[in-house]
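J.:
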Amino acid sequence: MTPKVDSQAVRQAIEVLPLLSPSVTQLLQTLARDGYEIDDVVQIIKYDAALTARVLRTVNSPVFGLLNPVTSLERAISYLGERVIISIVLADQCGDMFTRPLPGYDAQQSALWRHDLFCAFASREMAGHARLACEPGLAFTAGLLHDIGKFVFSPFWAAASGEALERIEQGQVTDYLQAEQLLAGLDHAEVGFAMARHWQFPEALQAAIRYHHAPGLAPEQFRMLSYAVHLGDMLAMMAGADTGSDGMQYQLDGDYAQYFDVSSQDLAVIMLDAEEHFKKAEASLAVE
Amino acid sequence: MRQVVLGIGDLGASNTPGEVVKTYALGSCVAVMMLYPKTRAVGMVHVALPESSINPAKGQSCPGYFADLGVPLLLREMVRLGCPGNGRGIIVKLAGGASVMGHNDTFNIGKRNILAVKRSLWSLGMGAIAEDVGANYSRTVTMSVDSGLITISCPGRGQWEI
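Taken in sequence, the protein lines are chains A and B. Number 288 marks the last residue of the first sequence (the numbering used here); no jumps. Number 1162 marks the last residue of the second sequence (the numbering used here); no jumps.
(1) Please determine, among D116/A, E180/A, R75/A, the residue with the shortest C-alpha to C-alpha distance to K279/A.
(2) Anyone know if the C-beta pair for L51/A and L90/A falls short of 8 Å?
(3) Considering only the alpha carbon of each residue, which of I168/A, C134/A, Q258/A, A76/A lies closest to L182/A?
(4) What distance in whole Å lies between the Cβ atoms of G247/A and Y1137/B, which are believed to be in contact at a cut-off of 8 Å?
(5) Determine, using beta carbons only, whether S93/A and S21/A come nearer to each other than 8 Å.
(6) Quick one: is M1078/B buried, meaning 16 or more other Cβ sit within 10 Å of its Cβ, or exposed?
(7) So S226/A and A218/A are in contact, right, with Cβ under 8 Å, and what is the actual spacing, rounded?
(8) Going along the stretch 1024-1040 of chain B in order, which residues come within less than 7 Å of chain A, judged by CB to CB distance?
(9) Which word fits G1059/B, buried or exposed, when buried means at least 16 other C-beta atoms lie within 10 angstroms of its C-beta?
(10) To the nearest angstrom, how far is the alpha carbon of I1054/B from that of I270/A?
(11) Below 8 Å on the Cβ atoms is my guess for A189/A versus G149/A; work out the distance and round it to an integer in Å.
(12) Consider the Cβ of E288/A: report whether some Cβ of chain B lies at a distance smaller than 8 Å.
(13) Quick one: which chain B residues come within Cβ less than 9 Å of Q251/A?
(14) Any residues in the stretch 73-94 of chain A with a beta carbon nearer than 7 Å to a beta carbon of chain B? Which ones, in chain order?
(15) The stretch 263-275 of chain A: which residues have C-beta closer than 8 Å to a C-beta of chain B, in chain order?
(16) Span of the beta strand (DSSP E) holding A1128/B?
(17) For the candidate residues V1047/B, A1025/B, Y1024/B, whose alpha-carbon lies nearest to that of V1032/B?
(18) Please decide whether L1049/B counts as near chain A, where near means a Cβ-Cβ distance under 8 Å.
(19) Looking at H277/A and Y256/A, is the spacing between their C-beta atoms short of 8 Å?
(20) When you compare the CB of P1155/B with every CB in chain A, is at least one pair closer than 8 Å?
(21) DSSP three-state label for R281/A, please.
(22) Give the residues from the stretch 157-181 of chain A that approach chain B closer than 7 Å (Cβ to any Cβ), ordered along the chain.
(23) So, with DSSP's three-state summary, where would you put K1022/B?
(24) Tell me the residue span of the beta strand (DSSP E) that contains W1160/B.
(25) Quick one, which residues of the stretch 214-242 of chain A are near chain B if we go by CB-CB under 8 Å, in chain order?
(26) If we define contact as Cβ-Cβ less than 8 Å, is S245/A a contact residue for chain B?
(27) What residues from the stretch 1115-1147 of chain B come within 8 Å of chain A, judged by C-beta to C-beta, listed N to C?
(28) So, for A111/A: in the same chain, excluding its five sequence neighbours on each side, which residues have a beta-carbon less than 7 Å away from its beta-carbon?
(29) Suppose you measure from the CA of R54/A to the CA of C134/A; what does that come to, to the nearest Å?
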């Protein structure tokens, strides 16, 4: 069938995306590196006055309940930790990408941010159950970025998305990703991967974005990470933090059990912990 | 129309005319809803997990999060609004408990939630007369004090009543 979406137009939309701020690019590169120091993060943020103010505002917000105000950037970064810092930086520098409604998915404002934030915490918790090494901080960042493709893809997908659920129910495709491929000729993971390359994200993040619905196809060195994000994505949807009409419409890759040791009891604990962290982060990182 | 919006683990009951009780995007969570037509009291709890034994502290701070604590607590809340303590005459309906695609028992928290809610109702001598549970889509649920109607909606699927 002829795709209902002009894939060339989608690719052009990616090519003209403005570059991310140097703070975002540098921070993503730094956090994906083994053995980085807190000072490396301080050095990136301290030259950005608005970002510094945001970090200090966050650490002193009532959510963290500190008795004495924190005025040193280094102390704030050290206290908040990697996952809150990357969330602040992305919310501050790319807020619009995460908060704009997604018409193609019938998703309200900030649905993508809530989904990504929950997925980030769930992916991080999941990394703790990996059978081989899986860096929790990187799993968090990958979880936060895994669905960026929907930001660009959504307006184009709106022309075809009305048929997606019908195609799944008729058994013509097995899940929403296949429906995107069938009706649009490309899918949001592929679009996200192209965006990640455009923005020169570290390879690990590019892979996790590309393979978060097909982690078994990820190159071996990124497979654990891709599975962590795949499972985090599933948990976010199960917790109701979805992005609209595609919620819970993706196949779980059962081969995760080769890579993760998770019982149903563990899963309940992961869900609970992820939800607690998510609620706290959502309150402290109000994204406009 | 005033909305009482419930988050995960929240519980709410009302007999105030014009009010609706609502919860968004249940996913694998289950909304247990009770209606008492005699006094037009309605109540809902948004249950996320089956058993509080996995985290007793959370059970203390947010009992509605778990089926084993949330269901009896909802009944107590209904009693506070004038319903009989034995649950007689209270109509119970359920929604939610969706599963991800791929038939995996470990990830089927939705099914475990439904079973735990039913077990908890059973121990109170109660049972659901209507339910819209399982499958693989997330539901948003609204209960109206005035009409007692329960409306379920889902992006891309429209809305319906149970």
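For each residue, glycine too, the CB sits at the ideal point set by N, CA and C.
T.: In brief:
(1) D116/A
(2) no
(3) I168/A
(4) 7 Å
(5) Before going further, note that residue 93/A is Gln rather than Ser in the sequence given. In contact: Q93/A and S21/A (Cβ atoms closer than 8 Å).
(6) In summary, M1078/B is buried, with 16 or more beta-carbon neighbours lying within 10 Å of its beta-carbon over all protein chains present.
(7) 4 Å
(8) Y1024, A1025, L1026, G1027, S1028, C1029
(9) buried
(10) Near 11 Å, if we compare the C-alpha coordinates of I270/A and I1054/B.
(11) 6 Å
(12) With a pLDDT of only 46 at E288/A, under the threshold of 50, the placement of this residue in the model should not be trusted; the figure read from the coordinates follows. Chain B contact via Cβ: absent.
(13) V1100, M1101, G1102
(14) So nothing in the stretch comes that close.
(15) S263, S264, Q265, L267, A268, V269, M271, L272, E275
(16) 1128-1133
(17) V1047/B
(18) yes
(19) It is not a contact, given that the beta carbons lie outside the stated cut-off.
(20) Cβ-Cβ to chain A under 8 Å: yes for P1155/B.
(21) Note that residue 281/A is Ala in the sequence shown, not Arg. Helix.
(22) L165, D175
(23) strand
(24) Per DSSP, W1160/B belongs to the beta strand (DSSP E) from 1158-1161.
(25) M234, M237, M238, A239, G240, A241, D242
(26) For S245/A, the closest Cβ of chain B is nearer than 8 Å.
(27) Of all residues in the stretch 1115-1147 of chain B, only N1136, Y1137, S1138 place a beta-carbon less than 8 Å from a beta-carbon of chain A.
(28) L102, T243, G244
(29) 30 Å
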